[in-house]
Each structure stands twice: as structure tokens, then as C-alpha cells.
Amino acid sequence: MTAAIEELPRPSVSLARVLQLPANKQTVLRELVTLDPEDCESVTDTAESISNSRTVDLSAATVERYLYEIAELGVVERVQLTTPSRKGRPPSRVELRFPPTGFRRLFDLHR
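Throughout, this note's numbering is defined as the position within the sequence shown, counted from one, plus 4.
Here it is in C-alpha cells:
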């Protein structure tokens with residue numbers, strides 16, 4: 005019980021909201037919850053890792069667009085990284101705003 009409570013991000017969104025997303029975006033999120041932290045250092049890295057999965061038949065560019073759209077909905081949060089040596093907009097990564105274990109189990113039940 006304590007592990008489930010500790011896994012709940014603050015702030016969080018309802019799993020019902022996550023499960024109302026289109027199937028292709030849920031599939032992207034399903035892969036996202038299984039990635040290792042080193043595969044998620046930026047949105048671009050995350051998108052590439054997800055698109056390389058055998059369960060996702062989407063390009064890295066499409067996955068990246070989906071991640072930005074999902075962030076706009078508040079299901080994940082974009083967190084800017086601090087990289088003072090780079091020019092232009094600082095890169096960002098995504099953080100979950102829903103409990104990954106609960107989502108993974110519900111997603112797998114329906115697929």
C-alpha cells in the first residue's frame with residue numbers, strides 16, 4: 005500500500021483521464037512508463053526510445069509530437085533542463101502525472 009502511495013505523483017491526474025486518450029497515445033504512454041531513466045533525458049531521447057520499441061509503429065517525430073500534445077493536456081509535465089552551454093531553447097524532458105503501475109495494469113487488461 006505504501007509503495008502505491010509513494011508512486012502517486014504530486015500533482016497528479018486521474019487514470020480515467022489518461023484512459024480517455026486515443027489508443028495510439030495510450031500506447032506511447034505505455035512504453036513511456038517502462039523506459040529506463042537514461043532513455044528519458046530529453047523529449048527527443050524519449051521519443052526515439054519509444055519509437056524504437058517493437059510495440060510502437062510510429063516515427064520518432066510523431067511520438068515527440070504526441071508527447072508535447074499529452075503535456076499540453078497535463079497528463080505528463082515538461083520539465084526544462086538546465087544546459088547553460090547550449091544556444092537556443094533549453095531541452096526538456098517529460099515526467100508522469102499519473103501512477104504508472106495502475107496505468108500499466110489497466111492498459112494491459114484492455115489490450
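Note that beta-carbon positions come from the ideal geometry of N, C-alpha and C, so glycine has one too.
Proximity of residue i and residue j at Cβ, strictly below 8 Å
i: S63; j: E35; result: no
i: E99; j: V83; result: yes
i: T38; j: E68; result: no
i: R109; j: V79; result: no
i: L85; j: S53; result: no
i: L33; j: F107; result: yes
Beta bridge counterpart(s) of residue i as assigned by DSSP
i: V98; result: R82
Residue i (DSSP reduced to helix, strand or coil)
i: D43; result: helix
i: N56; result: coil
i: D112; result: helix
i: P103; result: coil
i: V17; result: coil
i: R69; result: helix
i: V37; result: coil
i: L25; result: coil
i: D49; result: helix
Residue i classed as buried or exposed, judged by whether at least 16 other C-beta atoms fall within 10 angstroms
i: L71; result: buried
i: S94; result: The sequence shown places Pro at residue 94, not Ser. When all chains shown are included, P94 counts as exposed.
i: T50; result: buried
i: G115; result: One point to set straight first is that residue 115 is Arg, not Gly, in the sequence displayed. With fewer than 16 other Cβ atoms within 10 Å, it is exposed.
i: T31; result: buried
i: P103; result: buried
Chain B contact for residue i (CB, 8 Å cutoff)
i: R14; result: Reference to chain B is not applicable here, since this structure consists of a single protein chain.
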